[in-house]
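K.L.:
Heads up: the sequence shown runs through residues -19 to -1, 1 to 678, numbered per mature numbering (1 follows the signal peptide of the UniProt record, and there is no 0). Think of the CB as a built atom: it goes at the ideal place given N, C-alpha and C, for glycine as much as any other residue.
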Amino acid sequence: MKKKILLFLLIATIFLLTACNDQLTEGKLSIKVKNQFDESVEQAKVSLDGLNAKQSNAEGVITFNITKPDYELKISKVGYDTLTKKIVLREKESTLVLELKKKDTAVIVDEKEYIDIDDKTVKFLFKTNPYNKVSFYLGEDSNNLTVKEQNIDYDNEGLEISNLKAGKTYYYKIEAKNNEDSTSTEVITFKKLGNTNNWEAPDWPRKAVFYEIFVRSFYDGNNDGVGDFVGLKEKIPYLKDLGVDALWLMPINSSPSYHSYDVVDYYDTNEDYGTIEEFQEFLRAAHENGIKVIMDLVINHTGDKHPWFKAASKEEENKYTDYYVWRDQFDDIYEKGPWGQMVWHKVSTPEYYYGTFWSGMPDLNLRNHKVREEMKKIAKFWLDPNQDGDFSDGVDGFRLDAALHIDEDGDVTHNWWQEFNSAVKKVNPEAFLVGENWTETDKMAQFFEDLDASFNFSLADQIIRMVNGEPRDILGDIEYIHNRYSRYSKDFIDATFLRNHDQNRVAHDLVENKEKMKLASSLLLTLPGTPFLYYGEELGQMGAKPDDNIREPFDWYADAAGEGMTIMAKSNFYNKMKYTEANDGISLEEQKGVEGSVFEHYKEMIKIRKENPIFSTGNYEKIDTPARTYSYRVSGTDQEYNLYVIHNLSSDKKIISVSSDVIELINDSKYKASDSIELKAYGTLILKVKDNNLVIN
């Protein structure tokens, strides 16, 4: 009897579950959001777990397609209390009316945050409830403030106050009120900066060839398996032999990670790399050999082990609390970053902090003038360590990591970099700043109003695609890009490259085809801009994601072992070595002095570029040449000759003829007008001639 009862209950349960599932395998849920005054709430962010969040329309309504009966619901909007609740649905089509309560207290946060817009204007970046009326008082005497704005609507996008005088100290107070409440800040002081966008780009980078080095993986000078400053100094002759005359060092600051982008001490070096004294010895040696050095400077964030962040994370407020970005009632903790990632992270306290990249890299608050001053002080330290005006033991500039992500706000981002560049040039007018702004061209171009140079990610991709057979007009692409740049600065420096430490290596993207690698380098080194090479690229080193395997040891020897070779296992890499192998033909020992090797090709192309400054200063014009070739003329008013560059984009050799006598620079050969010239598969010719109208067939 018991068995029959249990069987009956089991069948009944299955029937009921099936019925419920049949009811809600698909359906629609409409949600209407209103406030406590029965007003529709537009643009409220509504999310159901497992479904993409949506915003309510002008009537406060949003509709979802549903596939199950129960959901976790969240509704949020700036100026309102967030609503979180679990809902259970019984019908295939349901409508819910939910109330989102307006915050009804007058509150002001971030009242000490501001940014200098120009020599006469400051933008104050406080926040208050959007339905409050705001009044702003300002004066040169803390006891005598006059109203500058009264009872205005304020959208939390910043308040600009103009007609200020550079160098003057001012005092201000903010009031906010609504029908039920009012509040005001204490009297706050600030000093108006002058010359916040007073800089000129130095000339030396325009003719330089840069070489990016990951110190950890380059050369070990003290036999512990880790690359270091002693090793860098020892390999200066190699760098001179290759022909580069400027270096970009990935982060060298103290850090717990292998990559050092999570800095814990801006005033010290990574102990794995050596001491500050050893770094300065390397710098002096590099400068004595005519090599400039810029270092990675990470300003967007610190590591979460930095003493500033440790102090800021404590429950009691202290001087470092506002060094970072902490959530206030106007922030949405469910906000997503540029890649769809969570950007608000929680510490042991109830507070959330902002970190664009991940929880281990909390973003610095560049709206805080104390943080801005600290960053300028750090830059000055590395430019002129002894503060004696002798830059031989200092760096020659900075590569600015994640420049685009500073604050994620247009005015703050750009005005900060203008302020920083002006401060850097005040220390050393010849210092060079190049920004990492990995975004679409139109947005990236705006940074030329702030910085000397920016990396051209778009061109890098176009070159790789072209070499892989995609029809491209590289000069057309460059003209489009440079037109965008020139809207913001006529004096821009275009930082060109093929690949860097965040991308699969060139060899990977060109399917390990040695001739294609050489063609890509020929394009890079004969096009306008300031070229940057990535260490090991000149050997055709392989590497693909994850990042560790793009940053493997520089391969000095055929057997992938020997004096100075770094060992990944000796560092804190997250993954094992994958691509650095013995006797694979991809080492300096196997390529140096070998005709046709990738290394010798890079060396020759760098030499030709350095001997012909016209590549950096000349005018470029596309010319017609045979099918599956791409060619251009490089000319300049101060030159006695023209250069005609012809690239073979095919796997077949070509025979070409020219209308005048020429000198071919790569092979150092002379040809008469009647001669036939062989253009190898994926090869390049550089023809030197006085003729302005050379015909190539």
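#1: By DSSP's criteria, E156 is part of a beta bridge. Which residues make up the other side?
#2: Roughly how many angstroms lie between the CA atoms of I96 and F429, to the nearest whole one?
#3: Is any beta-carbon of chain D found at less than 7 Å from that of K424?
#4: Between P218, F401, A501, which has its C-alpha nearest M447's C-alpha?
#5: To the nearest angstrom, how far is it from the Cα of N409 to the Cα of F171?
#6: So L660 is in the alpha helix (DSSP H); what residue range does that whole segment cover?
#7: Tell me the rounded alpha-carbon separation between V643 and V670.
#8: Under the assumption that V376 contacts M276 (Cβ atoms under 8 Å), give the Cβ distance between them as a whole number of angstroms.
#9: With W325 as the anchor, note down where its beta strand (DSSP E) starts and where it stops.
#10: Grouping DSSP H, G and I as helix and E and B as strand, with all else coil, what is L32?
#11: Between K158, A147, E167, which lies nearest to S123 when the distance is taken from Cα to Cα?
#12: Between the Cα of A525 and the Cα atoms of L491, S632, L624, which residue gives the shortest distance?
#13: Are the CB atoms of R468 and V415 within a distance shorter than 7 Å?
#14: Would the beta-carbon of A434 fall within 7 Å of that of I474?
#15: Hey, how far is the Cα of D344 from the Cα of H282?
#16: What would DSSP say about L414, mapped onto helix, strand or coil?
#17: Name the residue from D62, L70, K9, K49 whose alpha carbon lies nearest to the alpha carbon of V42.
#18: Look up W289 in the DSSP assignment and say whether it is helix, strand or coil.
#19: Considering only residues of the same chain and omitting the five flanking positions on each side of D529, which have a CB-CB separation below 6 Å?
#20: For D540, which residues in the same chain have their Cβ closer than 6 Å to its Cβ, ignoring the five residues on either side in sequence?
#21: Are there 16 or more other CB atoms within 10 angstroms of the CB of M323, so buried, or fewer, so exposed?
#22: Specify the secondary structure class of G378 as computed by DSSP and reduced to three states.
#23: With respect to the beta strand (DSSP E) encompassing G8, which residues constitute its N-terminal and C-terminal limits?
#24: By how many angstroms is the C-alpha of S329 removed from the C-alpha of M586?
#25: Let me check understanding here. Comparing Cα to Cα, which of S641, A662, K93, L646 lies closest to N678?
#26: I'd like the ranges of any beta strand (DSSP E) spanning at least 3 consecutive residues and lying wholly in the region 500 to 535.
#27: For M447, name the three-state secondary structure that DSSP assigns.
#28: For the beta strand (DSSP E) that contains D134, what are its first and last residues?
#29: Do the CB positions of G517 and M498 come within less than 7 Å of each other?
#30: Figure out for me which residue from H463, D285, E332, T477 has the closest Cα to the Cα of R308.
#31: Using CA atoms only, rank isn't needed, just tell me which of A25, D30, T394 is closest to Q36.
#32: What separation, rounded to the nearest whole angstrom, lies between the Cα atoms of D392 and Q427?
#33: Quick one: Cα of I667 to Cα of I445, how far?
#34: Measuring CA to CA, which of K15, D19, F45, I98 is closest to K58?
P.N.:
Reading it off the structure:
#1: Here residue 156 refers to the residue found at position 175 when the sequence shown is read from its first residue. Partner(s): S116, S165.
#2: By 1-based counting over the sequence shown, the position of residue 96 is 115. By 1-based counting over the sequence shown, the position of residue 429 is 448. Taking the straight line from one Cα to the other gives about 19 Å.
#3: Of the protein chains in the structure, only one exists, and it is not chain D.
#4: If you number the sequence shown from 1, residue 447 lands on position 466. Checking every option, the nearest Cα to that of M447 belongs to A501.
#5: Counting from 1 along the sequence shown, the entry for residue 409 is found at position 428. Counting from 1 along the sequence shown, the entry for residue 171 is found at position 190. Their backbone Cα atoms lie some 26 Å apart in a straight line.
#6: Numbered from its first residue, the sequence shown carries residue 660 at position 679. Looking at the DSSP string, L660 is not in any alpha helix (DSSP H); the run it does join, the beta strand (DSSP E), is 657 to 660.
#7: Here residue 643 is taken as the residue at index 662 of the sequence shown, counted from 1. Here residue 670 is taken as the residue at index 689 of the sequence shown, counted from 1. Their backbone Cα atoms lie some 5 Å apart in a straight line.
#8: Position 395 of the sequence shown, counted from the start, is the residue given in the question as residue 376. Position 295 of the sequence shown, counted from the start, is the residue given in the question as residue 276. At roughly 5 Å, the Cβ-Cβ gap stays under 8 Å, so V376 and M276 are in contact.
#9: Working through the sequence shown from its first residue, we reach residue 325 at position 344. Run containing W325: 325 to 327, per the beta strand (DSSP E) assignment.
#10: Along the sequence shown, read from residue 1 onward, the residue named residue 32 stands at position 51. L32: coil per DSSP, three-state reduction.
#11: The count along the sequence shown starts at 1 and reaches residue 123 at position 142. When each option's Cα is compared against that of S123, the closest is E167.
#12: Taking the first residue of the sequence shown as 1, we reach residue 525 at position 544. The shortest C-alpha separation from A525 is found at L491.
#13: Along the sequence shown, one-based indexing puts residue 415 at 434. Along the sequence shown, one-based indexing puts residue 468 at 487. Against a cut-off of 7 Å, the Cβ pair of R468 and V415 comes out as no contact.
#14: Reading the sequence shown from its first residue, position 453 is the one you call residue 434. Reading the sequence shown from its first residue, position 493 is the one you call residue 474. Yes, they are a contact pair.
#15: Residue numbering aside, residue 344 sits at position 363 when the sequence shown is read from its first letter. Residue numbering aside, residue 282 sits at position 301 when the sequence shown is read from its first letter. Between D344 and H282, the C-alpha separation is close to 4 Å.
#16: Translated into the one-based positions of the sequence shown, residue 414 becomes position 433. If DSSP states are grouped into helix, strand and coil, L414 belongs with the strands.
#17: Translated into positions along the sequence shown, residue 42 becomes position 61. For V42, the nearest C-alpha among the options comes from K9.
#18: By one-based count along the sequence shown, residue 289 stands at place 308. Reduced to three states, the DSSP call for W289 is helix.
#19: Counted from its first residue, the sequence shown places residue 529 at position 548. Only F554, Y555, N556 meet the Cβ criterion.
#20: The count along the sequence shown starts at 1 and reaches residue 540 at position 559. So the list reads A563, once near-sequence residues are dropped.
#21: Walking along the sequence shown from the start, residue 323 turns up at place 342. Under this definition M323 is an exposed residue.
#22: Sequence index remark: in the sequence shown, residue 378 carries index 397 (1-based). Strand, per DSSP.
#23: Numbered from 1 along the sequence shown, position 27 holds the residue referred to as residue 8. Start and end: 8 to 15.
#24: Residue numbering aside, residue 586 sits at position 605 when the sequence shown is read from its first letter. Residue numbering aside, residue 329 sits at position 348 when the sequence shown is read from its first letter. So the two alpha carbons sit approximately 55 Å from each other.
#25: As a working mapping, residue 678 is identified with position 697 in the sequence shown. Ranking S641, A662, K93, L646 by Cα distance to N678 puts S641 first.
#26: 511 to 515
#27: Start at 1 with the first residue of the sequence shown, and residue 447 comes out as number 466. M447: helix per DSSP, three-state reduction.
#28: On the sequence shown, position 153 is the one that residue 134 refers to. From DSSP, the beta strand (DSSP E) with D134 extends over 127 to 134.
#29: Within the sequence shown, numbered from 1, the residue matching residue 517 stands at position 536. Within the sequence shown, numbered from 1, the residue matching residue 498 stands at position 517. Not a contact, by the Cβ cut-off of 7 Å.
#30: Here residue 308 refers to the residue found at position 327 of the sequence shown. Residue E332 is the option with its Cα nearest to R308.
#31: Walking along the sequence shown from the start, residue 36 turns up at place 55. Minimum Cα distance to Q36 is reached at A25.
#32: Here residue 392 corresponds to residue number 411 of the sequence shown, with the count starting at 1. Here residue 427 corresponds to residue number 446 of the sequence shown, with the count starting at 1. Approximately 11 Å between the Cα atoms of the pair.
#33: Position 686 of the sequence shown, counted from the first residue, corresponds to residue 667. Position 464 of the sequence shown, counted from the first residue, corresponds to residue 445. Each residue's Cα considered, the two are about 20 Å apart.
#34: Within the sequence shown, residue 58 is the residue found at index 77, counting from 1. The residue with the shortest Cα to Cα distance from K58 is K15.
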